[in-house]
Amino acid sequence: MATALTAIERGVADIVAPTLVLAGELDRVVPASVTLSMAGRIRGADAVLLPGIGHVTAMQAPQMLAQHIVRFLKN
Numbered sequence: 001m002a003t004a005l006t007a008i009e010r011g012v013a014d015i016v017a018p019t020l021v022l023a024g025e026l027d028r029v030v031p032a033s034v035t036l037s038m039a040g041r042i043r044g045a046d047a048v049l050l051p052g053i054g055h056v057t058a059m060q061a062p063q064m065l066a067q068h069i070v071r072f073l074k075n
């Protein structure tokens, strides 16, 4: 897993599109610190930590997830 994350971390710096990075604060699969670090490598990315949520954000907090996505798309 560490090797895959390293490859992803290197690749995200090439992203130039508007980007929203969402992470569950309690994610134990990909810790929030890793996700926020990757988001920091994407120029202008918006990063949001979803409080009290783990790895499966769409199942654990679909309404909260949708609100952040809609807000991002409107801006």
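Those letters in the sequence shown? Residues 1 to 75, per the working numbering, in order.
Cβ coordinates follow ideal geometry from the N, Cα and C atoms, glycine included.
Owing to the predicted nature of the structure, the values given are computational and were not obtained by experimental measurement.
Which residue comes first and which comes last in the beta strand (DSSP E) that contains GLY40? Taking the first residue of the sequence shown as position 1, residue 40 is located at position 40. Per DSSP, GLY40 belongs to no beta strand (DSSP E); it is in the alpha helix (DSSP H), 32-40.
What's the gap between the Cα of GLN63 and the Cα of ALA7? Against the sequence shown, residue 63 aligns to sequence position 63. Against the sequence shown, residue 7 aligns to sequence position 7. If I take the Cα positions, the gap works out to 31 Å.
Compute the Euclidean distance between the alpha carbons of LEU26 and ASP46, then round it to the nearest angstrom. Position 26 of the sequence shown, counting from 1, holds the residue named residue 26. Position 46 of the sequence shown, counting from 1, holds the residue named residue 46. Rounded to whole angstroms, LEU26 to ASP46 spans 19 Å at the Cα level.
Would you kindly work out how many angstroms separate the C-alpha atoms of ILE61 and VAL48, rounded to a whole number? In the sequence shown, counting from the first residue as 1, residue 61 sits at position 61. In the sequence shown, counting from the first residue as 1, residue 48 sits at position 48. Position check: residue 61 holds Ala in this sequence, whereas Ile was assumed. In a straight line, the C-alpha of ALA61 is about 13 Å away from that of VAL48.
For GLY24, which beta-bridge partners are listed by DSSP? For the purposes of this step, residue 24 is taken as residue 24 along the sequence shown, with counting starting at 1. Answer by DSSP bridge pairing, in chain order: LEU50.
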